[in-house]
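For the record, in the sequence shown the residue sitting at position 46 is 525 according to the working numbering, with numbers rising by one throughout. Below you'll find the structure, written out as structure tokens, and then a few comments.
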Amino acid sequence: MLELQSISKHFPGVRALDDVSLSFQPGHIHALVGENGAGKSTLLKIVTGIYQPDAGRMLFDGASLRVLNCRDCLDRGIGLVHQEIQVVAEASVAENIMLDKLDAFSRWGRLDWPQLADQARAAMARVGLDIDPQAPIGDLSAAHKQLVQIARVLSAEARVLLLDEPTSSLTEHEAGRLFGILRQLQEAGVAIVFVSHKFDEG
């Protein structure tokens with residue numbers, strides 16, 4: 480599905496990636512495990528267009544892939560969940576999940592809240608999140624916020640889910656629940672790339 484061929488990336492004084500080739504298949508969980516500074520996050524940022532590679536190319540479904548930014552990447556079916564929890568604290572759970580699609584629920588300058596909540600619930604169900612979609616996201620635990628971020632990516636019908644250190648802010652119990660959800664997504668045919676520096680998670 481997603482293939483990286485001979486990807487290299489250099490920063491001043493640092494060779495972050497050197498001739499890296501990988502392929503990611505639907506219905507599989509792929510682990511990128513290594514010490515901090517090994518280039519894992521840099522690779523994800525290249526896939527999502529945050530960085531451009533110095534050399535190499537990417538293929539998606541056999542066709543050449545070049546993305547300009549995270550939004551462009553998500554529109555193509557590849558979603559990234561950052562290590563740092565990124566939510567709009569003043570907004571509701573539903574608004575955060577549908578953040579990139581709010582205009583689709585707007586009629587004459589007003590949001591269709593029932594439709595927005597229904598669509599958010601559908602995305603939340605995919606990650607086992609059973610809370611009020613209109614609840615303020617600022618009241619949620621770190622684990623629930625992480626699930627909201629994953630639900631946001633899945634609501635865009637992402638076929639590839641990139642997770643950058645997703646357990647860094649989770650307890651052992653919460654991480655175990657996340658792994659269960661990832662296995663369900665795997666069974667649904669999503670290609671998952673799980674980045675971690677914890678070798679026992681690989």
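For each residue, glycine too, the CB sits at the ideal point set by N, CA and C.
Counterpart residues of residue i in DSSP-defined beta bridges
i, result
"Ser634", "Paired residue(s): none; Ser634 is not in a bridge."
"Lys488", "Leu496"
"Gly558", "Leu640"
"Glu482", "Ser502, Leu538"
"Arg589", "Arg586"
"Ser571", "Pro615"
"Ser543", "Leu538"
Among the options, nearest to residue i - alpha-carbon criterion
i, options, result
"Val672", "Gly655, Ile508, Leu483", "Ile508"
"Val627", "Ile576, Asp497, Gly558, Val499", "Ile576"
"Ser500", "Asn515, Ile525, Gly516, Glu514", "Ile525"
"Ile629", "His676, Leu578, His652, Pro593", "Leu578"
"Ala596", "Ile610, Leu642, Gly588", "Ile610"
"Glu482", "Asp497, Gly535, Thr521", "Gly535"
"Ala622", "Pro615, Val632, Thr650, Ala570", "Thr650"
"Trp592", "Ala570, Arg605, Val606, Ala604", "Ala570"
"His561", "Arg600, Ser648, His652, Phe658", "Ser648"
"Gln484", "Gly588, Asp497, Met537", "Met537"
"Pro615", "Thr521, Val566, Leu641", "Val566"
"Leu559", "Asp643, Ser675, Glu653, Gln663", "Asp643"
"Gly607", "Lys580, Ala568, Leu657, Val512", "Leu657"
"Leu496", "Gln594, Ala517, Met480", "Ala517"
"Arg555", "Ile564, Arg638, Ala604", "Arg638"
"Arg605", "Ser585, Asp618, Arg631, Ser620", "Arg631"
"Thr521", "Gln613, Arg494, Phe539, Thr646", "Arg494"
"Gln531", "Cys552, Leu590, Glu514", "Cys552"
"Leu573", "Leu664, Ile557, Ser675, Ser634", "Position check: residue 573 holds Ala in this sequence, whereas Leu was assumed. Looking at the Cα atoms, Ser634 is the closest of the given residues."
"Pro645", "Asp618, Ser675, Ala510", "Ser675"
"Leu640", "Ser620, Ala654, Leu664, Met603", "Leu664"
"Gln625", "Ile564, Arg662, Leu661", "Ile564"
First and last residue of the uninterrupted alpha helix (DSSP H) at residue i
i, result
"Leu523", "519–526"
Segment limits, beta strand (DSSP E) that includes residue i
i, result
"Ile529", "Where Ile529 is concerned, there is no enclosing beta strand (DSSP E), given that its DSSP letter is neither H nor E."
"Val512", "508–512"
Short CB-CB distance (under 9 Å) between residue i and chain C
i, result
"Glu482", "No chain C is present in this structure, which holds just one protein chain."
Give a yes or no on contact between the region 543–555 and the region 484–492, applying the rule of three or more CB pairs nearer than 8 Å.
no
Can you confirm whether the region 500–519 touches the region 659–675 when touching is taken to mean that 3 or more C-beta pairs between the two stretches lie within less than 8 Å?
yes
Along the chain, which unbroken stretches of the beta strand (DSSP E) at least 3 residues long are found entirely within the region 655–680?
670–675
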